[in-house]
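Undergrad:
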Ligand code: GDP
Ligand code: MN
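In our numbering, the protein residues as written are 2 to 394.
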């Protein structure tokens, strides 16, 4: 049976369009052009060739052997809060960091848990590193819900948070974890004599060979805090965090650093709705599942007073304040912004976001890709805000 010519043409056109559509979706690198978080007129610096930071860097050598008599290591540790059940993810993260960095420098690992680590956890984690491993239980008074938290109010608050789709709203241990990471981890007796830490979570990935001692870098370059990824937070998880912060600042005006990143904290140009819902805070924060930092800052008078103020206000429980916005606001207010360093050269992933630089030292991630999740996640990238208001190194 003959098919009319117009119908044939239409059919052919439909097939061609379908092929073109499939090509657009599946062609290599289809969804990784320029990350949407970076507007077209601002180039993503991750696409530029990335080398090591400038200045003196300390390289691996005999002084970094695990049992070196005169160790070149400074006073620092890799640090992980983790559950026994997360052992496989922890081993994977450890293998990545040992392969790319720590087998050269052998910094100790310190693991924290709200209960005893199992023998299996201790055995397996100590097998994937030549460095010392330490296993610490969190003191009960650091983990338990503070006496001034009202459980009825907590339950009511959970309902409101859940109405706003706040993840983990009803999971008490998540609130406890955020509070511990905000203001308690560095008070653990096992860290009393430790100054720097690199926080590592189970299941994260590291992609790039790093050939210098990053802790020495922090110390030599007078850095307080190093990050890889900058994100917007869910404003409904922190509605009263900024109001409590401004209250605190009015009571302690001298705590504001003269070279603070205040403009970064209060920006409302890029995402006005976030600033509005968070009552004056942009919600832009350093994503704290990765942090390389100097605990002297958390141990300072300014931060201690700030944490105590927030802790009393109750938002770790009645809202779902994360340690990321709390750390970031404190750094943005009380620290010299030049002492905050973007580790652009450390390839990193915590699902669903990446820091993947353009460097031959990196394997396993796509240069410049910000997320491998859904496209809308690209708008959560707030690095451009940091680049705009603060220095990039
Ligand atoms: P997310 O990254 O915000 O989704 O939160 P995670 O579930 O990854 O938790 C953050 C970190 O805290 C991870 O290192 C977890 O292993 C750890 N963590 C969270 N809750 C607990 C807990 O109740 N006990 C212990 N020991 N670790 C926890
Ligand atoms: Mn995590």
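Just so it is clear, CB atoms sit at the ideal spot from N, CA and C, and this is done for glycine as well.
1. Among 257, 375, 220 and 377, whose alpha-carbon lies nearest the alpha-carbon of residue 57?
2. DSSP state of residue 35, grouped into three classes?
3. Using only Cβ atoms and a threshold of 6 angstroms, which residues come within that distance of a heavy atom of ligand 2? Order them by chain position.
4. Would you say residue 1 and residue 191 are within 8 angstroms of each other, going by their C-beta atoms?
5. I'd like to know whether the C-beta atoms of residue 240 and residue 278 end up nearer to each other than 8 angstroms.
6. So, is residue 95 buried or exposed, given that buried needs 16 or more other C-beta atoms within 10 angstroms?
7. Residue 170 to residue 163, Cα distance in whole Å?
8. From which residue to which residue does the alpha helix (DSSP H) around residue 154 run?
9. Just to check, is the beta-carbon of residue 379 closer than 7 angstroms to a non-hydrogen atom of ligand 1?
10. Whose C-beta lies closer than 6 angstroms to the C-beta of residue 35 among residues of the same chain, with five residues either side of it excluded?
11. Count Cβ pairs between the region 301-316 and the region 326-339 that sit closer than 8 angstroms; are there 3 or more?
12. Given that a residue counts as buried once 16 or more other Cβ atoms are within 10 Å of its Cβ, and exposed if not, what is residue 44?
13. If you check the beta carbons only, do residue 372 and residue 353 fall under 8 angstroms apart?
14. Under 8 angstroms: do the region 106-121 and the region 63-82 share three or more Cβ pairs, one atom per stretch?
15. Just mark residue 395 as buried or exposed, buried being the case when its beta carbon has 16 or more other beta carbons within 10 Å.
16. Quick check: is any heavy atom of ligand 1 less than 7 angstroms from the C-beta of residue 84?
17. Does residue 285 pass the burial test, meaning 16 or more other C-beta atoms within 10 Å, or should it be called exposed?
18. Would residue 158 be called buried (16 or more neighbouring beta carbons within 10 Å of its own) or exposed?
19. Are residue 75 and residue 217 touching if we call contact CB-CB under 8 angstroms?
20. Excluding the 5 residues flanking residue 254 on each side, which residues of the same chain have their C-beta closer than 8 angstroms to its C-beta?
21. Am I right that residue 230 and residue 291 are in contact with their C-beta atoms under 8 angstroms? What's the rounded C-beta distance?
22. Got a sec? Which residues, its chain only, sit under 7 angstroms from residue 233 by beta carbon, not counting five neighbours each side?
23. Do the region 47-65 and the region 208-217 meet, that is, are 3 or more Cβ pairs less than 8 angstroms apart?
24. Exposed or buried, which one is residue 294 when buried takes at least 16 other CB atoms within 10 Å?
25. Return the Cβ separation of residue 238 and residue 141 in integer angstroms, given the expectation that the two are a contact with Cβ distance under 8 angstroms.
26. Going by DSSP in three states, residue 316 sits in which element: helix, strand or coil?
27. Flag this pair as yes or no: are the beta carbons of residue 149 and residue 181 separated by less than 8 angstroms?
28. Taking residue 81 as part of the alpha helix (DSSP H), name the residues at either end of that continuous run.
29. Could you spell out the range, first to last residue, of the alpha helix (DSSP H) harbouring residue 298?
30. Can you look up residue 87 in the DSSP assignment and give me helix, strand or coil?
31. Between the C-alpha atoms of residue 206 and residue 177, what's the straight-line distance to the nearest angstrom?
32. Cβ of residue 77 within 8 angstroms of Cβ of residue 198?
TA: This is what the structure gives:
1. Your numbering for residue 57 matches position 56 in the chain shown. Nearest of 257, 375, 220 and 377 to residue 57, Cα basis: 220.
2. In the chain shown, the residue the question calls residue 35 occupies position 34. For residue 35, the pLDDT reaches just 37, beneath the cut-off of 50, and the residue's location in the model is therefore unreliable, leaving the point undetermined.
3. With 6 angstroms as the limit, the residues whose C-beta approaches any heavy atom of ligand 2 more closely are 202, 290 and 351, in sequence along the chain.
4. As displayed, the chain neither begins before 2 nor continues past 394, which places residue 1 out of reach and without an answer.
5. Here the question's residue 240 lines up with position 239 in the chain shown. Here the question's residue 278 lines up with position 277 in the chain shown. In contact: residue 240 and residue 278 (Cβ atoms closer than 8 angstroms).
6. Along the chain shown, one-based indexing puts residue 95 at 94. When all chains shown are included, residue 95 counts as buried.
7. Position 169 of the chain shown holds residue 170. Position 162 of the chain shown holds residue 163. Computed Cα separation, rounded: 6 angstroms.
8. What you label residue 154 is simply residue 153 of the chain shown in a count that begins at 1. Residue 154 -> alpha helix (DSSP H) spans 152-164.
9. Counting from one through the chain shown, the residue named residue 379 turns up at place 378. Not so, every heavy atom of ligand 1 lies at least 7 angstroms from the Cβ.
10. Taking the first residue of the chain shown as position 1, residue 35 is located at position 34. Residue placement at residue 35 is poorly supported in this model, since its pLDDT is 37, which falls under 50; the coordinates still yield a value, given next. No residues qualify anywhere along the chain.
11. yes
12. Your numbering for residue 44 matches position 43 in the chain shown. Answer is exposed; the Cβ neighbour count stays below 16.
13. On the chain shown, position 371 is the one that residue 372 refers to. On the chain shown, position 352 is the one that residue 353 refers to. Taking 8 angstroms as the Cβ cut-off, residue 372 and residue 353 qualify as a contacting pair.
14. Yes: at least three Cβ pairs fall under 8 angstroms.
15. Lying before the first or after the last residue shown, residue 395 is absent from the chain, which here runs from 2 to 394.
16. Stepping through the chain shown from its first residue, residue 84 is reached at position 83. The answer is yes for residue 84.
17. As a first step, residue 285 is located in the chain shown; it is residue number 284 there, counting from the start. With 16 or more other Cβ atoms within 10 Å, it is buried.
18. Counted from its first residue, the chain shown places residue 158 at position 157. That one is buried.
19. Position 74 of the chain shown, counted from the first residue, corresponds to residue 75. Position 216 of the chain shown, counted from the first residue, corresponds to residue 217. Taking 8 angstroms as the Cβ cut-off, residue 75 and residue 217 qualify as a contacting pair.
20. Walking along the chain shown from the start, residue 254 turns up at place 253. The answer is none, since no qualifying residue turns up.
21. Here residue 230 is taken as the residue at index 229 of the chain shown, counted from 1. Here residue 291 is taken as the residue at index 290 of the chain shown, counted from 1. At roughly 7 angstroms, the Cβ-Cβ gap stays under 8 angstroms, so residue 230 and residue 291 are in contact.
22. As a working mapping, residue 233 is identified with position 232 in the chain shown. 272, 275, 284, 285, 381 and 383.
23. A contact between stretches requires three or more CB pairs, one per stretch, nearer than 8 angstroms, and the region 47-65 meets this requirement with the region 208-217.
24. The count along the chain shown starts at 1 and reaches residue 294 at position 293. That one is buried.
25. Your numbering for residue 238 matches position 237 in the chain shown. Your numbering for residue 141 matches position 140 in the chain shown. 26 angstroms between Cβ atoms; not a contact.
26. Numbered from 1 along the chain shown, position 315 holds the residue referred to as residue 316. If DSSP states are grouped into helix, strand and coil, residue 316 belongs with the helices.
27. For the purposes of this step, residue 149 is taken as residue 148 along the chain shown, with counting starting at 1. For the purposes of this step, residue 181 is taken as residue 180 along the chain shown, with counting starting at 1. For residue 149 and residue 181, no; Cβs fall outside 8 angstroms.
28. Indexing the chain shown from 1 puts residue 81 at position 80. Unbroken run through residue 81 is the beta strand (DSSP E), 77-82; no alpha helix (DSSP H).
29. Counting from 1 along the chain shown, the entry for residue 298 is found at position 297. Run containing residue 298: 296-299, per the alpha helix (DSSP H) assignment.
30. Sequence index remark: in the chain shown, residue 87 carries index 86 (1-based). It is helical.
31. Residue 206 sits at position 205 when you count from the first residue of the chain shown. Residue 177 sits at position 176 when you count from the first residue of the chain shown. Distance between the alpha carbons of residue 206 and residue 177: 25 angstroms.
32. Reading the chain shown from its first residue, position 76 is the one you call residue 77. Reading the chain shown from its first residue, position 197 is the one you call residue 198. Between residue 77 and residue 198, the C-beta spacing is below 8 angstroms.
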